[in-house]
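A.B. asks:
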Amino acid sequence: MAQEKIVLAYSGGLDTSVAIRWLQEHYDAEVVTLTIDLGMVDLESIRQRALTIGAVNAVGIDGRQDLVQEYLFPALQAGAIYEEQYPLATALGRPLIARYLVEVARSEGAYAIAHGCTGKGNDQVRLDVGVAALAPELKVVAPIREWGMTRDEELEYARQHNIPVEPSNSRYSTDENLWGRSIEAGPLEDPWNEPLEDVYMWTKPLQDTPDGPTYVELEFVQGVPVAIDGEEMGGVDLIHQLNGMAGEHGIGRIDHVENRLVGIKSREVYEAPAALALHTAHRGLETLTLSKDQVRFKARMAQEYADVVYNGLWYTAHRQDLDTYVASTQKHVTGTVRIKMHKGSCTIAGRRSPHALYREDLATYGQGDTFDQRAAEGFIAIYGLPVRTQASVHGRAGAVE
Ligand code: ARG
138 MAQEKIVLAY SGGLDTSVAI RWLQEHYDAE VVTLTIDLGM VDLESIRQRA LTIGAVNAVG
198 IDGRQDLVQE YLFPALQAGA IYEEQYPLAT ALGRPLIARY LVEVARSEGA YAIAHGCTGK
258 GNDQVRLDVG VAALAPELKV VAPIREWGMT RDEELEYARQ HNIPVEPSNS RYSTDENLWG
318 RSIEAGPLED PWNEPLEDVY MWTKPLQDTP DGPTYVELEF VQGVPVAIDG EEMGGVDLIH
378 QLNGMAGEHG IGRIDHVENR LVGIKSREVY EAPAALALHT AHRGLETLTL SKDQVRFKAR
438 MAQEYADVVY NGLWYTAHRQ DLDTYVASTQ KHVTGTVRIK MHKGSCTIAG RRSPHALYRE
498 DLATYGQGDT FDQRAAEGFI AIYGLPVRTQ ASVHGRAGAV E
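Quick look at the structure:
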């Protein structure tokens, strides 16, 4: 009888390389690896490594387009930033990885999927719950959660099984996609330690950034960025280019002690130059094109949306409901924002929109004022009526009795 198959999410690193052989041994299964490019992955060399270690098939998928269109831009439109700091790069990549794992498991006829998450993080939850939503019949195996090997034991296992290991001298655990880099562990585990420069790969230290500012015009159509400085481009290229431009100015470094779903507080460092610039610009355009009520209510939705993404609940009706609301708010979020990047800060220098609710003829203190100032008198008389009434009956609030 042919052996049963497991599809393993494969990054090419030590954990998942060891997992290929470990799954063969402990589950008596054939292992198909799946490697996904969400931004900067050399698919071919990772596929080859999987085959060398003993995978029966090594699938590679370029997921950048799907990531941007179906996950990153909806989250940008929603204004989703976890605990007011983290633009959710890792968290937004996981549901897409779950989806591809399920697709490949089905096309390969596999009975299970496997991933290299530990038992302490959010990512295991996002993948397990994502797969459960999309394919409840599939079993999920998490070797690292099960085997309890230390890093040295893994290295020893790799040596015994002739698993080629890329020498890695990084002291950190990292994850990255187009929307950002996540860095944790090593010296960062002490929240008193300032992150050392070797943490950062995408952003320059301020002493090395240009002395003068760079201005960039970002154009949005219904809340989606479509052009940089008048040049239209697809989302993948746009984010890629903006990561370079903003990173050059040291924009997008985030140092956060965050609350994980599993109850642990953890110290996380992020680099997210493009995400930060785009969120800043998008919010700026919304201030011009949404009503006061929309801006305020949407801010509450943004928090909920971020929690849903962070907590692994992408494939839920609740997230779909939130998306419907968000999409409706974006109808008029079209226009251009000019941002100014300088010495680590990204600020809005100008904004304009054909749908702007801002009216200069109403706001001006100069020529051409169309606001009827005399109407304010009647408005205030009625607006202040309950205050005047209560004060005359109960006395002035705050007065000494
Ligand atoms: N704390 C972040 C999150 O939960 C980043 C996780 C990084 N993952 C990793 N495998 N290093 O989204």
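Counting from 1 along the sequence shown, just add 137 to a position and that's the residue number in the working numbering. Quick reminder that beta carbons are idealized off the backbone N, C-alpha and C, glycines included.
From His386 to Gly349, what distance separates their C-alpha atoms?
C.D. replies: Rounded to whole angstroms, His386 to Gly349 spans 10 Å at the Cα level.
A.B. asks: Here's the rule: buried if 16 or more other CB atoms are within 10 angstroms of the residue's CB, otherwise exposed. What is His492?
C.D. replies: So His492 counts as exposed.
A.B. asks: Taking Asn314 as part of the beta strand (DSSP E), name the residues at either end of that continuous run.
C.D. replies: Looking at the DSSP string, the run of the beta strand (DSSP E) that includes Asn314 is Ser310 to Asn314.
A.B. asks: How close, in whole Å, do the beta carbons of Ala192 and Val168 come, if the pair is a contact with beta carbons under 8 Å?
C.D. replies: So it is a contact: roughly 5 Å between Cβ atoms.
A.B. asks: For the alpha helix (DSSP H) containing Asp335, name the first residue and the last one.
C.D. replies: Element bounds for Asp335: n/a, residue is neither H nor E.
A.B. asks: What residues come near ligand 1, if near means a beta carbon less than 5 Å from any of its heavy atoms?
C.D. replies: This criterion selects Thr227, Ala228, Asn259, Ser310, Asp312, Ser319 and Glu405.
A.B. asks: Applying the criterion that 16 or more other CB atoms from any shown protein chain within 10 Å of the CB defines a buried residue, is Ser319 buried or exposed?
C.D. replies: With 16 or more Cβ atoms within 10 Å of its Cβ, Ser319 is classed as buried.
A.B. asks: Just how far apart, CA to CA, sit Gln431 and Asp460?
C.D. replies: For Gln431 and Asp460, the distance between alpha carbons rounds to 15 Å.
A.B. asks: Hey, quick one: how far does the alpha helix (DSSP H) through Asp289 stretch, first residue to last?
C.D. replies: Segment Arg288 to Gln297, the alpha helix (DSSP H) holding Asp289.
A.B. asks: Cα separation between Arg236 and Gly372?
C.D. replies: Near 20 Å, if we compare the C-alpha coordinates of Gly372 and Arg236.
A.B. asks: How long is the line joining the alpha carbons of Phe357 and Tyr219, rounded to whole angstroms?
C.D. replies: Taking the straight line joining both Cα atoms gives about 23 Å.
A.B. asks: For the structure I just gave you, are there three or more beta carbon pairs, one from the stretch 290-302 and one from the stretch 200-220, closer than 8 Å?
C.D. replies: As far as the Cβ criterion goes, the stretch 290-302 does not touch the stretch 200-220, which means the pair count is below three.
A.B. asks: Roughly how many whole angstroms lie between the Cα atoms of Val155 and Leu171?
C.D. replies: Those two C-alpha atoms are separated by around 15 Å.
A.B. asks: Suppose contacts are defined by Cβ-Cβ distances below 8 Å. Is Arg390 in contact with Glu405 by that definition?
C.D. replies: Taking 8 Å as the Cβ cut-off, Arg390 and Glu405 do not qualify as a contacting pair.
A.B. asks: Suppose you measure from the CA of Tyr164 to the CA of Asp265; what does that come to, to the nearest Å?
C.D. replies: Whole-angstrom Cα-Cα distance: 18 Å.
A.B. asks: Spell out a yes or no on whether the stretch 249-268 and the stretch 221-235 are touching, meaning 3 or more CB-CB pairs, one atom from each, closer than 8 Å.
C.D. replies: Taking 8 Å as the limit for Cβ pairs, the verdict is that the stretch 221-235 does touch the stretch 249-268.
A.B. asks: At which residues does the beta strand (DSSP E) containing Ser482 begin and terminate?
C.D. replies: Note, Ser482: beta strand (DSSP E), Ser482 to Arg489.
A.B. asks: If you pair each beta-carbon of the stretch 321-336 with each one of the stretch 211-230, do three or more pairs fall below 8 Å?
C.D. replies: The answer is no - the stretch 211-230 does not touch the stretch 321-336, with fewer than three Cβ pairs under 8 Å.
A.B. asks: Distance check for Val262 and Arg496, CA to CA, integer angstroms please.
C.D. replies: Cα-Cα distance, rounded: 48 Å.
A.B. asks: Taking all protein chains shown into account, decide if Ile517 is buried (16 or more other Cβ within 10 angstroms of its Cβ) or exposed.
C.D. replies: Burial call: exposed.
A.B. asks: Put Thr351 into one of helix, strand or coil per three-state DSSP.
C.D. replies: Of the three classes helix, strand and coil, the one that applies to Thr351 here is strand, per DSSP.
A.B. asks: I'd like the list of long-range same chain contacts for Trp451, defined as Cβ closer than 6 Å, with 5 residues on each side in sequence excluded.
C.D. replies: Taken in chain order, the residues that qualify are Pro232.
A.B. asks: Would you report the Cα separation of Ile183 and Thr287, rounded to the nearest angstrom?
C.D. replies: Cα to Cα, the separation comes out at about 23 Å.
A.B. asks: Ile190 and Ala166: beta carbons closer than 8 Å?
C.D. replies: For Ile190 and Ala166, no; Cβs fall outside 8 Å.
A.B. asks: Quick check: what's the CA-CA separation for Met438 versus Gly360?
C.D. replies: If you take the alpha carbons of Met438 and Gly360, they lie about 16 Å apart.
A.B. asks: Relative to the C-alpha of Arg243, which candidate in His531, Ser482 and Glu141 has its C-alpha closest?
C.D. replies: For Arg243, the nearest C-alpha among the options comes from Glu141.
A.B. asks: Please name the residue, chosen from Trp316, Asn314, Val524 and Asp335, that lies closest to Ser307 on a Cα-to-Cα basis.
C.D. replies: Comparing Cα positions, the closest option is Asp335.
A.B. asks: Which whole-angstrom value is the C-beta distance of Glu245 and Asn194, which I expect to be below 8 Å?
C.D. replies: At roughly 7 Å, the Cβ-Cβ gap stays under 8 Å, so Glu245 and Asn194 are in contact.
A.B. asks: Once DSSP output is grouped into helix, strand and coil, what is the label at Val445?
C.D. replies: Val445 falls in the helix class under three-state DSSP.
A.B. asks: Examine the Cβ distances between the stretch 473-480 and the stretch 246-254 and report whether three or more of them are shorter than 8 Å.
C.D. replies: With a cut-off of 8 Å, the stretch 246-254 and the stretch 473-480 do not count as touching, because too few Cβ pairs lie within range.
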